[in-house]
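K.L.:
Protein chains in written order, with the working numbering: chain A, 2 to 161; chain B, 145 to 545.
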Amino acid sequence: MKEIFEILEQNARATPAEIATMVGKPVREVQKIIRQAEKDGIIIKYKAVINWPKFGEGDIWALIEVRITPQRGVGFDAISERIYQFSEVYSAYLVSGTYDLSILVRGKNMQEISSFVAEKLAPLEQVQSVITHFLLKRYKEYGENFHIPRETNRRLPITP
Amino acid sequence: MPDEKSAATGARRNLIAQKVATLPPSGIRKFFDLMAHMEDVISLGIGEPDFVTPWHIREAGIYSLEKGYTMYTSNSGMPELRQELARYLENHYGINYHPEQEILITTGSSEGLDLILRAIINLGDEVIIPNPCYGAYPADITLAGGIPVAIPTNEENNFVIRATDIEAKITQKTRAILIGYPSNPTGAIMSKREADAIAQLAKKHDLLVISDEIYARLVYGAQHICFPSLPGMKKRTILVSGFSKSHAMTGWRIGYVAADRHLIQALTKIHQYTMLSAPTMTQMAAIEALRNGETEVEKMVQEYNRRRRFMVKRLNEIGLSCFEPKGAFFAFPSIKGTGMNSEEFAEKLLLKEKVAVVPGTAFGPCGEGFVRCCYATSLPDIEEALRRMDKFIRKNRLRSE
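Given below as C-alpha cells:
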C-alpha cells in the first residue's frame with residue numbers, strides 16, 4: 002500500500018492501471034486502495050509543482066518565525082489554528098527551538114505580506130514576536146530541484 | 145604472410161598478436177555505429193543504471209580531491225575500504241573475509257575478472273561459461289590463454305547453467321566454472337538448488353568457481369545466493385563484484401575480488417604490475433557508498449522493480465513472450481514469433497521505429513531468437529519504446545500475411 006502512495010507522491014498523474022502494473026497488483030485493488038485513502042484523508046489532494054519565477058509572474062513569499070504563548074488546555078494548537086487559517090498562510094509548522102511557529106506566507110507583493118504581518122499576525126494577543134524573512138530564491142521544494150538543470154543523461158546509447 | 149593492416153604500416157609481418165587479431169569484436173559495436181547518425185532514438189540497449197551516482201557518494205569523491213587524496217593507495221586498496229567491504233559481505237551474505245588478506249580492490253570488476261583469469265589459467269586450460277553470457281567472459285578467457293567452453297542455456301531451464309550439462313563437458317583441462325548471476329543479458333537468477341548442484345560438482349572435480357556477482361543487489365522478490373557462502377565453497381570460489389550496478393557508479397571504475405588469501409596474493413601480483421591501485425578518489429567514494437548507501441540502493445532497486453514489471457507485462461502483451469527476469473535490469477524476450485532473426489529484428493527495429501535493443505547473439509549463439517531490453521530507463525521512455533515496438537510488430541505481421 003505504501004508503495005502506491007510513494008508512486009503517487011512522485012507522479013500524481015500515474016493512472017491506476019500504470020500503478021497496478023508497477024506494484025504487481027490487480028487494477029481494481031489499486032483503485033480501491035486509492036479511493037479509500039482519498040476518503041480517509043491519507044491522500045489530501047493532487048497538485049502540480051510550478052516553477053513560477055520561470056513563468057515570469059511570481060508571488061512574493063516570506064518565511065516567518067513566530068513566538069507564541071501556549072494557552073491552558075489547548076497548548077499551541079488554538080492560537081496556531083487561528084494563524085494558519087488566514088489564506089495568506091501557505092504552510093505552517095510547529096517547531097522546536099528558539100521560536101514556535103514557522104509559517105510560509107504568500108502575497109502578490111511585499112505590501113500585501115507586510116500588511117498581513119502588521120495588521121493580522123503581530124497584533125494577536127498570544128503572539129510575542131515575529132521575524133519576517135523574505136524568500137530570495139527557491140532552490141528545492143517537495144524534493145524537486147528548481148535551479149540545477151536536470152542532470153542530463155550522459156550515457157552512451159549502447160553499452161555492454 | 146603480412147596482412148593488409150601490416151602492409152599499410154609498411155611492416156613485413158603481422159603486428160597484432162594472433163589471439164587478439166582473431167578475437168571477434170563486440171557484437172554491440174555495430175549498433176553503436178548505426179545509431180551514431182540517428183536522432184530521437186530510444187535506447188533499451190544500455191547496460192548501466194540511468195541514475196546518476198547518489199549525491200552523498202559524489203560529494204565524498206569531491207571532498208577527497210579537496211583534501212588532496214591524489215596519491216596511490218596500497219596495491220590492495222585502502223584498508224578502510226577493505227574493512228567496510230568485509231563488514232558489508234558479512235552483513236548481507238553472512239560470509240567472513242579477512243580484510244587484509246582476502247580482499248583486493250580493483251579498477252572495476254572488469255579488471256578483477258581479467259586478473260582472476262590470468263592468475264589461474266595455464267595455456268590451453270578450459271573454463272566453463274554459460275551461453276548466452278556477458279561478452280567479456282569468452283574474450284577474457286581467450287586473452288588469458290584459455291579456452292572458453294560454452295554450455296547452452298535456454299528458456300526451459302530459465303537461462304541457468306545446469307550441473308548435469310556442465311559435467312558432460314568436463315575434461316582433464318577444465319580449470320574453473322565462470323558464472324554470472326543475476327545474469328547479463330537474460331536477467332536470470334540462480335536458485336539455491338541449482339547453486340548447490342554446481343557446488344557439489346566443483347568439489348567432485350576439484351574445480352574453482354568464479355562467481356561474477358556484479359548484479360547481486362538487483363534482485364526482485366527473491367534472495368540472492370552469494371556463491372562462496374554455500375557450505376565449503378569459500379575456499380573454492382573467487383567472488384568478483386563492484387559498485388557499478390548497485391550504487392550507480394559505472395564511470396568510477398571500482399570493484400573488488402574476494403577469495404582465499406593464496407588466490408588474492410596471486411591476483412595482487414598481476415594487479416601491482418599492471419594497475420598499481422584503484423583510483424584513490426573512487427575508493428574514498430566507495431567507502432561512503434558502503435557506509436551510508438543502503439537507503440539509496442533500496443530506492444533504486446524499488447524503482448527498477450516497477451519498471452521491470454511494466455516492461456515484462458507490455459512485452460508479453462505485444463506478443464514478445466518474456467520469461468520473468470528476477471535480477472539485473474534486463475528483459476530477454478523471445479522474438480521467434482516474428483520470423484526474423486535477432487540481428488535482423490534489432491536492425492529493422494532501430495531503422496524503422498528508432499528503438500535500440502541488443503540482439504541476443506551479441507552474447508553468444510544461444511542468444512539467437514532473443515533480444516536484450518534494458519529497463520534502466522525512465523518509465524515514459526519505456527512506455528514510448530514499447531508503443532513503437534508494438535507498431536513495428538503489427539506492421540511486420542501484416543506484411544508477412
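Glycine included, every Cβ here is placed at the ideal spot set by N, Cα and C.
When the Cα atoms are used, what is the spatial distance from B:Cys510 to A:Arg29?
P.N.:
The alpha-carbon atoms of B:Cys510 and A:Arg29 are separated by roughly 40 Å.
K.L.:
For B:Glu497, count the other beta carbons within 10 Å of its own beta carbon; 16 or more makes it buried, fewer makes it exposed. Which is it?
P.N.:
That one is buried.
K.L.:
Does the Cβ of B:Arg337 have 16 or more other Cβ atoms within 10 Å, making it buried, or fewer, making it exposed?
P.N.:
Per the 10 Å Cβ criterion, exposed.
K.L.:
In terms of DSSP beta bridges, what is B:Arg458 paired with?
P.N.:
None; B:Arg458 has no bridge partner.
K.L.:
Per DSSP, B:Cys466 forms a beta bridge with which residues?
P.N.:
DSSP output for B:Cys466 lists no bridge partner at all.
K.L.:
From this set, A:Ser92, A:Val31, A:Ser81, which residue's C-alpha is nearest A:Leu125's C-alpha?
P.N.:
The residue with the shortest Cα to Cα distance from A:Leu125 is A:Ser81.
K.L.:
Is there contact here, the region 379 to 394 of chain B with the region 351 to 367 of chain B, by at least three beta-carbon pairs under 8 Å?
P.N.:
Yes, the region 379 to 394 of chain B touches the region 351 to 367 of chain B.
K.L.:
My assumption, with CB atoms under 8 Å, is that B:Pro193 sits in contact with B:Ala520. Please give the rounded CB distance.
P.N.:
That pair is a contact at about 5 Å.
K.L.:
Against chain B, does A:Thr22 count as a neighbour if the rule is that its beta carbon must be under 8 Å from one of theirs?
P.N.:
For A:Thr22, the answer is yes, since a Cβ of chain B falls inside 8 Å of its Cβ.
K.L.:
Going along the chain, which residues of the region 269 to 299 of chain B sit with their C-beta nearer than 9 Å to a C-beta in chain A?
P.N.:
The region 269 to 299 of chain B vs chain A, Cβ under 9 Å: Tyr278, Gly279, Ala280.
K.L.:
If you count every other CB in all the chains shown that lies within 10 Å of the CB of B:Pro276, and 16 or more means buried, which is it?
P.N.:
With 16 or more other Cβ atoms within 10 Å, it is buried.
K.L.:
Using a Cβ-Cβ cutoff of less than 6 Å, which residues in the same chain neighbour A:Gln127 once the five nearest sequence positions on both sides are dropped?
P.N.:
The answer, listed in chain order, is Ile69, Thr70, Ile80.
K.L.:
Give every residue of the same chain whose Cβ lies closer than 6 Å to the Cβ of B:Gln245, excluding the five residues on either side of it in the sequence, and list them in chain order.
P.N.:
Within the same chain, B:Gln245 has close Cβ partners Arg405.
K.L.:
Can you find a C-beta in chain A that's less than 8 Å from the C-beta of B:Ala155?
P.N.:
Judged by the 8 Å Cβ criterion, B:Ala155 is not in contact with chain A.
K.L.:
List the DSSP bridge partners of B:Thr250.
P.N.:
DSSP, once it has assigned bridges, lists B:Gly399 as partnering B:Thr250.
K.L.:
Helix, strand or coil, according to DSSP, for A:Glu19 in the structure here?
P.N.:
Residue state, collapsed to three classes: helix.
K.L.:
Report buried or exposed for B:Gly324, applying the criterion of at least 16 other Cβ atoms within 10 angstroms of its Cβ.
P.N.:
Buried.
K.L.:
Please classify B:Val293: is it buried, with 16 or more other beta-carbons within 10 angstroms of its beta-carbon, or exposed?
P.N.:
Its Cβ being crowded by 16 or more others within 10 Å, B:Val293 is buried.
K.L.:
So, does the CB of A:Pro158 fall closer than 8 Å to a CB anywhere in chain B?
P.N.:
Answer yes: the Cβ-Cβ gap between A:Pro158 and chain B drops below 8 Å somewhere.
K.L.:
Just list the beta strand (DSSP E) runs in the region 338 to 368 of chain B, keeping only unbroken ones of 3 residues or longer that don't cross its boundaries, in chain order.
P.N.:
Those beta strand (DSSP E) runs which fall completely within the region 338 to 368 of chain B and span 3+ residues are 352 to 356.
K.L.:
Taking 8 Å as the threshold (beta carbon to beta carbon), is A:Gly144 in contact with chain B?
P.N.:
Judged by the 8 Å Cβ criterion, A:Gly144 is not in contact with chain B.
K.L.:
For B:Gln427, does the count of other Cβ atoms within 10 angstroms reach 16, so buried, or fall short, so exposed?
P.N.:
So B:Gln427 ends up on the buried side.
K.L.:
Could you check the C-alpha separation between A:Lys46 and A:Glu10 for me, to the nearest Å?
P.N.:
Roughly 10 Å between the two C-alpha positions.
K.L.:
In chain order, what residues of the region 183 to 214 of chain B put their CB closer than 7 Å to some CB of chain A?
P.N.:
Answer set for the region 183 to 214 of chain B: Val185, Ser187, Gly189, Ile190, Gly191, Glu192, Asp194, Val196.
K.L.:
Determine, for A:Gly25, whether the minimum Cβ-Cβ distance to residues of chain B falls below 8 Å.
P.N.:
Closer than 8 Å: yes.
K.L.:
Entirely within the region 100 to 157 of chain A and at least 3 residues each: give me those beta strand (DSSP E) ranges in chain order.
P.N.:
Here the runs fully enclosed are 102 to 108, 128 to 135.
K.L.:
Rounded to whole angstroms, how far is the Cβ of B:Ile548 from the Cβ of B:Ile295, which I believe are closer than 8 Å?
P.N.:
Any question about residue 548 of chain B goes unanswered here, given that chain B covers just 145 to 545.
K.L.:
When the Cα atoms are used, what is the spatial distance from B:Met145 to B:Ala341?
P.N.:
Confidence in B:Met145 is poor, its pLDDT being 48 and thus under 50, which makes the residue's placement too unreliable to answer from.
K.L.:
Go ahead and label B:Gly279 buried or exposed: buried means 16 or more other beta carbons lie within 10 angstroms of its beta carbon, across all protein chains shown.
P.N.:
B:Gly279 is buried by the Cβ-count criterion.
K.L.:
Look at B:Ile369 and B:Gly252 and say whether their C-beta atoms are less than 8 Å apart.
P.N.:
No, the Cβ-Cβ distance between B:Ile369 and B:Gly252 is not below 8 Å.
K.L.:
Which residues of chain B have a Cβ atom closer than 7 Å to the Cβ of A:Asn17, listed in chain order?
P.N.:
Going by the sequence as given, residue 17 of chain A is Pro instead of Asn. Neighbours of A:Pro17 on chain B: none; closest Cβ ~14 Å, over 7 Å.
K.L.:
Pop quiz: B:Gly504 and B:Ser486 are said to be a contact at Cβ under 8 Å. What is the actual Cβ separation, rounded to whole angstroms?
P.N.:
Right, the Cβ-Cβ distance comes to about 5 Å (below 8 Å), so this counts as a contact.
K.L.:
If B:Ile265 and B:Ala288 are in contact, beta carbons under 8 Å, what's the gap, nearest whole angstrom?
P.N.:
The Cβ separation is near 5 Å, so the contact holds.
K.L.:
Can you give me the start and stop residues for the beta strand (DSSP E) that B:Pro274 sits inside?
P.N.:
Segment 270 to 275, the beta strand (DSSP E) holding B:Pro274.
K.L.:
In three-state DSSP terms, what is B:Pro326?
P.N.:
DSSP places B:Pro326 in coil when its eight states are reduced to three.
K.L.:
Suppose contacts are defined by Cβ-Cβ distances below 8 Å. Is B:Phe536 in contact with B:Leu493 by that definition?
P.N.:
The answer is yes: Cβ separation under 8 Å.
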